[in-house]
Amino acid sequence: MATKREKIMAKAIEILKSNPDSIRYSVLVRKISQEFPEIPVNTIRGTVWNLETRVPNEVYKPARGLFRHVEFKEEEIGEEEQKPLLEIEKIKEEDFYEPFADWLVNELEECTKAIALGGSRFRDKWGTPDVIGKREPRRSDIVKAPTEIVSAEIKADTRDLITAFGQACSYKLFSHKSYIVIPKNSS
4 MATKREKIMA KAIEILKSNP DSIRYSVLVR KISQEFPEIP VNTIRGTVWN LETRVPNEVY
64 KPARGLFRHV EFKEEEIGEE EQKPLLEIEK IKEEDFYEPF ADWLVNELEE CTKAIALGGS
124 RFRDKWGTPD VIGKREPRRS DIVKAPTEIV SAEIKADTRD LITAFGQACS YKLFSHKSYI
184 VIPKNSS
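Numbering (my numbering), first residue to last: 4 to 190.
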């Protein structure tokens, strides 16, 4: 019976053979994890990160973060000719304001009313949350809770996470709760 590491390396090589254009580290880990859900993700990461040194006769890195099978080494493209892996349209932060305001009210039920502010409407990015909402007691509530203010800072780019944290902390000056909304791919 093969060990977990042997299974992971065999599957990684199989995946690389089926992808002549090379494959990103995170995509490779995700595919192996889907194939072997019983193996912990950290075991997969620990095995895959230096795959080119473990099996140099089968795997090489054409660029940082990319893995490729050696069968396709002759087909290597010059850097100026290399096509981008994915053409991703830049996502605007403003596109998330309204959906998050709706999510606060309808899904999370954290607010009774929420609006998208965004930008620097109050002439200061540290004093203007992207989404602000309030939670008031309903007429049907038996116990009337006090009104609460909820604010949220949304960042579409992972490079701005420290700024987002600072802004969310500053919103606590006037809010009872403050949320930071970040992309799923940030770790």
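Note that CB positions come from ideal geometry on N, CA and C, so glycine has one too.
The model shown is predicted, which means the values in this text are computed figures rather than measured ones.
Beta strand (DSSP E) containing PHE70: first to last residue? Here the beta strand (DSSP E) through PHE70 covers 69 to 72.
Rounded C-beta distance between ILE157 and PHE103? I'm assuming under 8 Å. Indeed they touch by this definition, with Cβ atoms about 6 Å apart.
For LYS187, the nearest candidate out of PHE39, SER173, LEU164 and GLN170 (CA to CA): When each option's Cα is compared against that of LYS187, the closest is LEU164.
Do you know how far the Cα of GLU101 is from the Cα of ALA119? In a straight line, the C-alpha of ALA119 is about 6 Å away from that of GLU101.
Host alpha helix (DSSP H) of VAL134 (start-end): Not the alpha helix (DSSP H): VAL134 falls in the beta strand (DSSP E), residues 134 to 138.
What's the C-alpha gap between LYS180 and ILE135? A direct Cα-to-Cα measurement between LYS180 and ILE135 gives close to 10 Å.
Return the CA-CA distance between ARG191 and PHE70, expressed in angstroms with no decimal places. In the structure as shown, the chain begins at 4 and stops at 190. Residue 191 is therefore absent and cannot be evaluated.
Cβ of THR6 within 8 Å of any chain D Cβ: The structure shown contains no chain D; it holds only a single protein chain.
Cβ-Cβ separation, ARG48 to LYS32 (assumed contact under 8 Å), whole Å: Residue identity check: residue 32 is Val in the sequence provided, not Lys. The pair is a contact, with the Cβ atoms about 6 Å apart (cut-off 8 Å).
Of the residues SER36, ARG8, ASN45 and THR115, which one's Cα is nearest the Cα of ASP144? Checking every option, the nearest Cα to that of ASP144 belongs to THR115.
Count the other CB atoms within 10 Å of the CB of VAL44; is the residue buried (16 or more) or exposed (fewer)? That one is exposed.
Cut-off 8 Å between Cβ atoms - residues of its own chain near THR161, not counting five sequence neighbours on either side: Cβ-Cβ distances below 8 Å link THR161 to ILE185, PRO186, ASN188 and SER189 in the same chain, with the five nearest sequence neighbours on each side left out; the list follows chain order.
State the DSSP-derived secondary structure class of VAL51, mapped to helix, strand or coil. The answer is helix: DSSP assigns VAL51 an H, G or I state.
State buried or exposed for ALA13, treating a residue as buried only when at least 16 other CB atoms are found within 10 Å of its CB. The residue in question, ALA13, is exposed, as its Cβ has fewer than 16 Cβ neighbours within 10 Å.
Quick one: Cα of ILE35 to Cα of GLY169, how far? Going from the Cα of ILE35 to the Cα of GLY169 covers about 37 Å.
Just to confirm the assignment, what range does the beta strand (DSSP E) spanning VAL153 have? Start and end: 151 to 157.
C-beta atoms of ALA159 and PHE75 nearer than 8 Å: Using a Cβ distance threshold of 8 Å, ALA159 and PHE75 do not count as a contacting pair.
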